[in-house]
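First up is the structure itself, then whatever we jot down about it.
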DNA sequence: ATGAAAGCGCTAACAC
DNA sequence: GTGTTAGCGCTTTCAT
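Protein chains in written order, with the working numbering: chain A, 6 to 355; chain B, 6 to 355.
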């Protein structure tokens with residue numbers, strides 16, 4: 006068995022409560038006693054049993070992190086940030102993988118809830134009701150999604166979308182498609198809304214909504230053919246993986262990005278800069294988001310006042326690389342052929 | 006406060022030990038009592054407090070997983086497998102990110118050790134001594150690395166290397182380079198050894214050792230120029246990320262894979278099949294490895310006899326895609342020019 | 001400033 | 001088969 010507070014007490018000749026105090030609340034113990042105890046504890050290799058402490062304090066010094074898919078580097082980055090900040094705050098992190106399955110997700114959260122002081126939840130698919138119910142069990146901070154009444158940390162999806170659009174318009178694109186992610190994804194909806202809003206503010210542009218698509222390579226492949234058929238010269242993909250699928254399908258059809266079609270996307274996953282063409286994409290400070298989640302959760306758990314406003318939107322940044330370029334000449338001509346008066350705003354395709 | 010075993014006892018009119026037994030060891034309780042208690046517990050929303058249970062049983066029903074970098078999808082996959090298997094065995098998973106830093110790693114393991122029944126450790130860099138010391142604190146299962154006296158799960162690196170080599174030789178390559186990963190990486194050393202062994206068994210081949218390199222994109226970029234200079238027509242990269250770097254640098258220099266040079270690698274990370282050319286690479290069943298780690302760790306923790314032999318090497322599989330092709334004609338001629346008698350075995354380059 | 005004692009929620013002997 | 005009791009390691013009143 007490991008060395009306990011009792012052993013230290015016996016070794017130093019003081020009572021167990023004094024040992025406890027010397028270690029947990031040193032200011033309550035006289036200098037010489039404190040030093041004696043602290044040194045003995047160190048020499049004996051004493052390590053407090055957190056379970057025992059938790060039993061009485063009611064706090065576990067653990068937090069939970071539940072993500073849809075650990076294999077997805079997006080969530081790995083968030084996990085890194087969470088782990089990092091939690092560790093320096095003296096908290097351990099439980100991990101849960103919900104496998105993109107709302108039912109399993111609820112189960113995972115519930116099973117973890119009792120053992121932690123709070124949960125950071127990345128839930129793209131679960132319903133608001135389920136999540137609110139979960140939040141009844143334990144403090145919850147949402148990632149990348151907002152629900153009325155719950156704390157959450159988000160990226161500024163709309164700003165990212167606008168940055169992409171401005172970039173593409175500056176390159177001379179006038180017909181631009183957005184290949185949406187899953188319909189039930191909160192961030193995809195935010196981007197779609199921003200896309201429409203952009204179109205309304207710029208009626209000279211022809212905007213085409215494509216999708217929804219699964220947020221993976223194959224989703225991009227599917228989107229590619231529709232994008233080509235739509236006459237768009239640039240496509241904004243929901244995420245980098247879809248962008249890769251788009252580019253691949255383009256190549257299969259003898260086209261090249263960015264020469265024949267510009268592709269931009271969201272996420273800036275590591276491989277974005279390792280492929281050809283390197284992707285123009287919106288960078289999210291994911292590790293930083295993980296840290297922010299822990300800060301917010303601990304505010305909640307410890308009843309601290311919030312320094313930051315509720316549900317802030319973390320700033321994002323467009324990284325311009327090689328997958329976007331000037332609009333093809335033919336398109337420019339085609340665009341020129343269309344009288345400005347007859348140009349329409351957002352056009353929707355199922 | 007949450008509902009406790011006491012509340013259930015009060016509600017049903019039985020003693021707390023009967024409640025405890027009805028829930029933990031149902032076969033020790035009479036049918037009617039058991040049903041009564043179980044139903045009441047369910048209705049009242051009773052959930053056992055694992056910390057309290059752990060305090061007395063000495064087991065936490067938690068395991069730890071410490072990886073060098075959560076952002077690396079390789080470890081994400083392992084984490085997924087670990088989490089999955091642990092969950093179905095009733096165990097929760099603590100996560101630790103060591104940030105590729107051996108010092109931090111030891112600290113993370115130590116801080117986690119007290120709260121778990123055992124640790125799964127992915128340590129590429131730590132010294133044997135440190136790890137053995139850590140293993141004194143808590144049961145440890147090593148991933149992707151072997152140390153005498155410790156349990157570990159590995160992939161069959163040598164078989165993977167041989168599969169690649171046979172594939173390249175069949176394509177007509179006679180001068181083949183290996184771009185090694187970090188010198189202190191266990192798996193990289195295994196692959197280097199296998200590379201040399203292959204060369205000794207096939208003296209007609211010219212084998213070139215390059216590196217070591219950091220196991221990332223830039224490492225591949227660095228390797229590319231050396232590979233070209235070496236006269237090799239095919240390069241085996243330590244991992245997929247390096248392969249991407251190789252391909253990128255080749256392109257910068259006006260060359261193409263596989264036409265001018267074949268590139269093969271290890272890992273089969275998800276993006277391997279999303280880039281152009283899609284990578285020929287050795288697939289590791291990582292999720293399955295994560296599961297195997299949990300099985301082995303629980304054998305250790307529960308004192309179960311081992312079904313599998315110690316330190317088995319998980320089978321790997323070569324996935325042939327587009328980054329490898331027949332040796333360029335010029336190289337074939339060059340190769341033919343060299344009399345078989347003067348062909349040499351492995352050639353080492355610093 | 002320090003010690004004694006009472007638990008936190010649960011399991012494991014030990015009685016009946 | 002079920003109840004009683006004694007802790008697991010720790011914090012926290014309450015005395016002193």
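Glycine included, every Cβ here is placed at the ideal spot set by N, Cα and C.
* Selected residue, minimal CA-CA separation from residue 100 of chain A, among B:87, B:105, B:180 -> As a first step, residue 100 of chain A is located in the first chain; it is residue number 95 there, counting from the start. Of the listed residues, the one whose Cα sits closest to residue 100 of chain A is B:87.
* Residues of the stretch 253 to 284 of chain A with Cβ closer than 8 Å to any Cβ of chain B, in chain order -> 253, 256, 275, 276, 278, 279, 280, 281
* Below-8 Å beta-carbon distance, residue 84 of chain B vs any chain A residue -> Within the second chain, the letter at position 79 stands for residue 84 of chain B. Chain A, which has a Cβ nearer than 8 Å to the Cβ of residue 84 of chain B, makes this yes.
* Asked: From this set, A:134, A:248, A:124, A:138, which residue's C-alpha is nearest residue 220 of chain A's C-alpha?
  -> On the first chain, residue 220 of chain A is found 215 positions in, with the first residue counted as 1. Here the closest residue by C-alpha is A:248.
* Asked: For residue 152 of chain B, which residues from the same chain have a beta carbon less than 8 Å from its beta carbon, with the 5 sequence-adjacent residues on both sides left out?
  -> By 1-based counting over the second chain, the position of residue 152 of chain B is 147. Closer than 8 Å at Cβ, skipping near neighbours: 133, 136, 137.
* Of all the options B:160, B:241, B:193, which has the alpha carbon lying nearest to the alpha carbon of residue 181 of chain B? -> Within the second chain, residue 181 of chain B is the residue found at index 176, counting from 1. The candidate whose alpha carbon is nearest that of residue 181 of chain B is B:241.
* To do: Could you pull out every residue in the same chain whose Cβ sits closer than 6 Å to the Cβ of residue 285 of chain A, ignoring the five residues on either side in sequence?
  => To locate residue 285 of chain A, count along the first chain from 1; it is residue 280. Hits under 6 Å: 269, 325, 326, 328, 329.
* Is there a Cβ from chain A that is less than 8 Å from the Cβ of residue 57 of chain B? -> If you number the second chain from 1, residue 57 of chain B lands on position 52. Closer than 8 Å: yes.
* Please list, in chain order, all residues of the same chain as residue 289 of chain B whose beta carbon is under 6 Å from its beta carbon, the five residues on each side excluded. => Against the second chain, residue 289 of chain B aligns to sequence position 284. So the list reads 160, 321, once near-sequence residues are dropped.
* Asked: Which value, in whole angstroms, describes the spacing of the CA atoms of residue 23 of chain B and residue 9 of chain B?
  -> Within the second chain, numbered from 1, the residue matching residue 23 of chain B stands at position 18. Within the second chain, numbered from 1, the residue matching residue 9 of chain B stands at position 4. Rounded to whole angstroms, residue 23 of chain B to residue 9 of chain B spans 13 Å at the Cα level.
* To do: Determine the extent of the alpha helix (DSSP H) in which residue 253 of chain B is found, giving its start and end residues.
  => Within the second chain, numbered from 1, the residue matching residue 253 of chain B stands at position 248. Looking at the DSSP string, the run of the alpha helix (DSSP H) that includes residue 253 of chain B is 245 to 257.
* **Under 7 Å by beta carbon: chain A residues contacting residue 52 of chain B** => As a first step, residue 52 of chain B must be located in the second chain, where it is residue number 47. Residues of chain A passing the Cβ test: 119.
* To do: Compare the Cα-Cα distances from residue 276 of chain B to each of B:78, B:69, B:30, B:306 and report the closest residue.
  => As a first step, residue 276 of chain B is located in the second chain; it is residue number 271 there, counting from the start. Ranking the options by Cα distance to residue 276 of chain B, first place goes to B:78.
* Does the stretch 290 to 297 of chain A come within contact of the stretch 181 to 194 of chain A, defined as at least 3 CB pairs closer than 8 Å? -> no
* Using a C-beta to C-beta distance shorter than 7 Å, which residues of chain A count as neighbours of residue 100 of chain B? -> For the purposes of this step, residue 100 of chain B is taken as the residue at position 95 of the second chain. Correct list: 84, 88, 98, 100.
* Take the Cβ of residue 341 of chain B as the centre, count every other Cβ of all protein chains shown within 10 Å, and call the residue buried at 16 or more, exposed below. => Within the second chain, residue 341 of chain B is the residue found at index 336, counting from 1. Bear in mind that a pLDDT of 44 at residue 341 of chain B, under 50, signals an unreliable position, so the number given afterwards is only what the model happens to contain. Its Cβ having fewer than 16 others within 10 Å, residue 341 of chain B is exposed.
* To do: Starting from the N-terminal side, write out each stretch of the alpha helix (DSSP H) that is 4 residues or longer and does not extend beyond the stretch 193 to 225 of chain A.
  => none
* Asked: At which residues does the beta strand (DSSP E) containing residue 127 of chain B begin and terminate?
  -> The residue you call residue 127 of chain B lines up with position 122 of the second chain. Run containing residue 127 of chain B: none; DSSP gives neither H nor E here.
* Could you give the residue range of the beta strand (DSSP E) that holds residue 101 of chain B? -> Translated into the one-based positions of the second chain, residue 101 of chain B becomes position 96. Taken as a continuous stretch (DSSP letters only), the beta strand (DSSP E) holding residue 101 of chain B covers 97 to 102.
* Three-pair Cβ contact test at 8 Å for the stretch 111 to 120 of chain B versus the stretch 258 to 272 of chain B -> no
* **Reference residue 109 of chain A; option with closest CA among A:94, A:62, A:131** => Residue numbering aside, residue 109 of chain A sits at position 104 when the first chain is read from its first letter. Of the listed residues, the one whose Cα sits closest to residue 109 of chain A is A:131.
* What is the DSSP secondary structure of residue 269 of chain B, counted as helix, strand or coil? -> Counted from its first residue, the second chain places residue 269 of chain B at position 264. Strand.
* Asked: DSSP on residue 159 of chain B, reduced to helix/strand/coil?
  -> Position 154 of the second chain, counted from the start, is the residue given in the question as residue 159 of chain B. Residue state, collapsed to three classes: strand.
* Would you list the one or two residues that DSSP bridges to residue 182 of chain B? => Reading the second chain from its first residue, position 177 is the one you call residue 182 of chain B. Answer by DSSP bridge pairing, in chain order: B:213, B:240.
* For residue 68 of chain A, which beta-bridge partners are listed by DSSP? -> The residue labelled residue 68 of chain A in the question sits at position 63 within the first chain. The partner list for residue 68 of chain A (beta bridge, DSSP) reads A:98.
* Proximal residues to residue 217 of chain A (C-beta, below 6 Å), its chain only, five neighbours per side dropped -> The count along the first chain starts at 1 and reaches residue 217 of chain A at position 212. So the list reads 185, 187, 188, once near-sequence residues are dropped.
* To do: Give me whichever residues DSSP pairs with residue 286 of chain A in a beta bridge.
  => Residue 286 of chain A sits at position 281 when you count from the first residue of the first chain. Residue 286 of chain A pairs with A:270, A:324.
* Would residue 62 of chain A count as contacting chain B if we go by Cβ distances under 8 Å? -> The residue labelled residue 62 of chain A in the question sits at position 57 within the first chain. Not one chain B Cβ lies under 8 Å of residue 62 of chain A.
* Just the C-alpha distance for residue 42 of chain B and residue 48 of chain A, rounded to the nearest angstrom, thanks. => Here residue 42 of chain B is taken as the residue at index 37 of the second chain, counted from 1. Here residue 48 of chain A is taken as the residue at index 43 of the first chain, counted from 1. Those two C-alpha atoms are separated by around 48 Å.
* chain B contact residues for residue 222 of chain A, given Cβ-Cβ distances below 7 Å -> Locating residue 222 of chain A in the first chain gives position 217, where the first residue counts as 1. The contacting residues are 279.
* Select from A:84, A:157, A:7 the residue whose C-alpha is nearest the C-alpha of residue 3 of chain A. => In this structure chain A extends from 6 to 355, so residue 3 of chain A is not present and cannot be described.
* Asked: Beta-carbon of residue 219 of chain A versus every beta-carbon of chain B: anything under 8 Å?
  -> Counting from one through the first chain, the residue named residue 219 of chain A turns up at place 214. No, residue 219 of chain A lies away from the interface with chain B (no Cβ there is under 8 Å from its Cβ).
* Just the chain A side, please: which residues come within less than 8 Å of residue 110 of chain B by C-beta, in chain order? => Within the second chain, residue 110 of chain B is the residue found at index 105, counting from 1. Ordered by position in chain A, no residue passes the 8 Å Cβ test against residue 110 of chain B, which lies about 12 Å from the chain.
* **Neighbourhood of residue 20 of chain A by C-beta distance below 7 Å, restricted to the same chain and skipping five residues each side** => Here residue 20 of chain A refers to the residue found at position 15 when the first chain is read from its first residue. Excluding sequence neighbours, residue 20 of chain A sits near 14.
* To do: For residue 336 of chain B, name the three-state secondary structure that DSSP assigns.
  => Along the second chain, one-based indexing puts residue 336 of chain B at 331. Confidence in residue 336 of chain B is poor, its pLDDT being 47 and thus under 50, which makes the residue's placement too unreliable to answer from.
* For the putative contact between residue 323 of chain B and residue 169 of chain B, defined by C-beta atoms under 8 Å, what is the C-beta separation to the nearest angstrom? -> What you label residue 323 of chain B is simply residue 318 of the second chain in a count that begins at 1. What you label residue 169 of chain B is simply residue 164 of the second chain in a count that begins at 1. Yes, they are in contact, since the Cβ atoms of residue 323 of chain B and residue 169 of chain B sit about 6 Å apart, within 8 Å.
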